[in-house]
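Colleague: Sharing a structure below in structure tokens format, with a few things to ask.
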Amino acid sequence: TSGSSVAGGSVAGSVSSRSGQRLALRSAVAGVDTLPLARDLAALVASQGLSNLEVQHVQVLAGCVLSQVDQGELSQAWVEVFEGLRDLVLVSLCDPDCASLAAKVIEAFAFHSQLREDLLRERNLAGVLRLLYPSDGSAGDPMCQETCAALLTNMTDESQGFRDAVAELLGQLDLPPGTNLESIQARLG
Numbered sequence: 001t002s003g004s005s006v007a008g009g010s011v012a013g014s015v016s017s018r019s020g021q022r023l024a025l026r027s028a029v030a031g032v033d034t035l036p037l038a039r040d041l042a043a044l045v046a047s048q049g050l051s052n053l054e055v056q057h058v059q060v061l062a063g064c065v066l067s068q069v070d071q072g073e074l075s076q077a078w079v080e081v082f083e084g085l086r087d088l089v090l091v092s093l094c095d096p097d098c099a100s101l102a103a104k105v106i107e108a109f110a111f112h113s114q115l116r117e118d119l120l121r122e123r124n125l126a127g128v129l130r131l132l133y134p135s136d137g138s139a140g141d142p143m144c145q146e147t148c149a150a151l152l153t154n155m156t157d158e159s160q161g162f163r164d165a166v167a168e169l170l171g172q173l174d175l176p177p178g179t180n181l182e183s184i185q186a187r188l189g
């Protein structure tokens, strides 16, 4: 990604897709109340019974969320939208075309809503990490792994509460030797 860390609301206006194409994040929604759009997206996804989000869904959600973070904290109404999409956003961490934006959404809710480090205690997050870091040593997608490692590293830098939650999360995994998550786990002690 270009710009500041995943955590900041001041992330640059574009990111690179897996193919290297630049994707605009917020230009179409800057300064607009994006909660209705995010609610409509959640309703659309629910009505279609999707098992995963398309790239366009994640782009719209990230644009809406990051636009709101630029204006202030994510309210309970935003948390309700996220709760409706949470599992699909987590699964998007396994899609190389969606992982970067999904990580931005997750970090925004961790840092700018009441969810805070409890988001890391979501049981499905450990499942997603197991998919990306199989205990049998088979290779997960390296870009997705790097995105998840950066997300967790940013969280460990936030506070002791986040460090403890990341340590708990990583403690649930049987990580193969040499992974970037293993190095985070070792650093946490």
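Here the sequence shown is numbered in full-length UniProt numbering, starting from 1 and rising by one per residue. Beta carbons are placed, not taken as given, at the ideal position from N, Cα and C, and that holds for glycine.
Within 8 Å, do at least three Cβ pairs link the region 68-82 to the region 123-133?
Modeller: Not touching, per the Cβ criterion.
Colleague: Taking the straight line between their C-alpha atoms, what separation do you get for residue 198 and His112?
Modeller: What the structure shows of the chain is the stretch from 1 to 189, and residue 198 is not part of that stretch, so it cannot be assessed.
Colleague: According to DSSP, simplified to helix, strand and coil, what is Cys98?
Modeller: Cys98 falls in the coil class under three-state DSSP.
Colleague: Counting C-beta neighbours from all protein chains within 10 Å, is the total for Gly63 16 or more, i.e. buried, or is it exposed?
Modeller: Classification of Gly63: buried, given that the 10 Å Cβ count is 16 or more.
Colleague: Please classify Ala42: is it buried, with 16 or more other beta-carbons within 10 angstroms of its beta-carbon, or exposed?
Modeller: The residue in question, Ala42, is buried, as its Cβ has 16 or more Cβ neighbours within 10 Å.
Colleague: Can you name the start and end residues of the alpha helix (DSSP H) that Ser92 belongs to?
Modeller: Per DSSP, Ser92 belongs to the alpha helix (DSSP H) from Gln76 to Ser92.
Colleague: What's the gap between the Cα of Leu132 and the Cα of Cys98?
Modeller: Roughly 14 Å between the two C-alpha positions.
Colleague: If we ignore side chains and look at the alpha-carbon of each, how far apart do residue 275 and Leu50 end up?
Modeller: The structure shown does not extend to residue 275, since the chain spans only 1 to 189, so no value can be given for it.
Colleague: From Gly140, Asn154 and Arg130, pick the residue whose C-alpha is nearest to that of Arg116; which is it?
Modeller: Selected option, being the one with the closest Cα: Asn154.
Colleague: If you follow the alpha helix (DSSP H) that Leu173 is in, where does it begin and where does it stop?
Modeller: Neither: Leu173 is in no alpha helix (DSSP H) and is coded neither H nor E.
Colleague: Is the beta carbon of Thr147 less than 8 Å from the beta carbon of Leu93?
Modeller: It is a contact, given that the beta carbons lie within the stated cut-off.
Colleague: So is Leu170 buried or exposed if we call it buried at 16+ other beta carbons inside 10 Å?
Modeller: Classification for Leu170: buried.
Colleague: Measuring straight from C-alpha to C-alpha, what distance separates Thr179 and Ala149?
Modeller: Cα to Cα, Thr179 sits roughly 9 Å from Ala149.
Colleague: Classify residue 222: buried if its beta carbon has 16 or more other beta carbons within 10 angstroms, exposed otherwise.
Modeller: Here the chain comprises residues numbered 1 to 189, so residue 222 is not present and cannot be evaluated.
Colleague: Please report the straight-line C-alpha distance between Leu175 and Arg39, rounded to a whole angstrom.
Modeller: About 37 Å.
Colleague: One question on the structure: do Phe109 and Leu119 come within less than 8 Å of each other, judged by their Cβ atoms?
Modeller: Yes. Within cutoff.
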